[in-house]
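Residue numbers (this note's numbering): 380 to 557. All C-beta atoms, glycine included, are put in the ideal place defined by N, C-alpha and C. Worksheet: one structure, shown below.
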Amino acid sequence: MVISWLISSLSPDIAESVQHSKTSESIWKQLNSRYGSVNGTKVFKLKRELTSTYQGSLDIASYFNKLKKIWDEPGIMCSSHANSCICAAKEDLQKEKEEDKVHQFLMGLNEVYVGVRSNLLMMQPLPSLDNVYNILLQDEKQRKINPTLLFVCESASFNVNSGANKPVQPLPPVIKLL
Numbered sequence: 380m381v382i383s384w385l386i387s388s389l390s391p392d393i394a395e396s397v398q399h400s401k402t403s404e405s406i407w408k409q410l411n412s413r414y415g416s417v418n419g420t421k422v423f424k425l426k427r428e429l430t431s432t433y434q435g436s437l438d439i440a441s442y443f444n445k446l447k448k449i450w451d452e453p454g455i456m457c458s459s460h461a462n463s464c465i466c467a468a469k470e471d472l473q474k475e476k477e478e479d480k481v482h483q484f485l486m487g488l489n490e491v492y493v494g495v496r497s498n499l500l501m502m503q504p505l506p507s508l509d510n511v512y513n514i515l516l517q518d519e520k521q522r523k524i525n526p527t528l529l530f531v532c533e534s535a536s537f538n539v540n541s542g543a544n545k546p547v548q549p550l551p552p553v554i555k556l557l
C-alpha cells in the first residue's frame, strides 16, 4: 500500500525508475541518492534570485512570500553540517541565519520604507524576521489609510527648502500718518 502511494505521488518518469522496488525503504533510498543531495547549480540560481529580488510593485506580504519561497528551498540557507550539529553553536547559527533573512528582506524594500528600515536596523538586538514583517505590514496599512499625511509632510519640507535660495525682499517703507 505504501509502495503504491509513493509511486503514484511521483512524476511518471521518476515512478518508472522505481516501480520494481520491493520495499518502500528501497524506494526512499534510491530517490534520496538521486535527488537528496544539494545541487550546486540550483543553490547558485536561488542565491542569485535572492540577491536580485526587490519589492517593486508588490505589497509587503507578496514580497515577503516571494523571499520566503526562496528561503524555504532545500540547501539555500543552510549547510548540511549545520543541520546535524548538536552543540551550543547551533543556536548561534540559527540566529545568524535569521539575521541574514532580516537583512535580505530589508535590502529589497522600496525607498518609501527607508525610515522604518533605518529604525529597525538601529534596534539592539535586531528584531526577529516575524517582528520586522509585522512592523512593515502595520506601516504599509497606515500608508494606505492616510496617504495624504505623507504628502503633506513632504510638501512642507519642500516649502521650507524652496525659500532658502531666494533673495530676501526688502519690506516696503512704512509711512507714518500724523
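Limits of the alpha helix (DSSP H) - the one that Val381 falls within:
Unbroken alpha helix (DSSP H) run through Val381: 381-388.
Does the Cβ of Arg522 have 16 or more other Cβ atoms within 10 Å, making it buried, or fewer, making it exposed?
Flag for Arg522 reads exposed.
Excluding sequence positions up to five away, which residues of its chain have a Cβ less than 6 Å from the Cβ of Ile439?
So the list reads Leu515, Leu516, Glu519, once near-sequence residues are dropped.
Could you give the residue range of the alpha helix (DSSP H) that holds Gly419?
Here the alpha helix (DSSP H) through Gly419 covers 419-430.
Let me know if Gly487 comes out buried or exposed under the rule of 16 or more other beta-carbons within 10 Å of its beta-carbon.
Buried, by the Cβ-count rule.
Please report how far the alpha carbon of Trp407 lies from the alpha carbon of Ser497, in whole angstroms.
Cα to Cα, the separation comes out at about 48 Å.
Out of His482, Ile449, Asn444, state which residue places its alpha-carbon closest to the alpha-carbon of Val422.
The candidate whose alpha carbon is nearest that of Val422 is Ile449.
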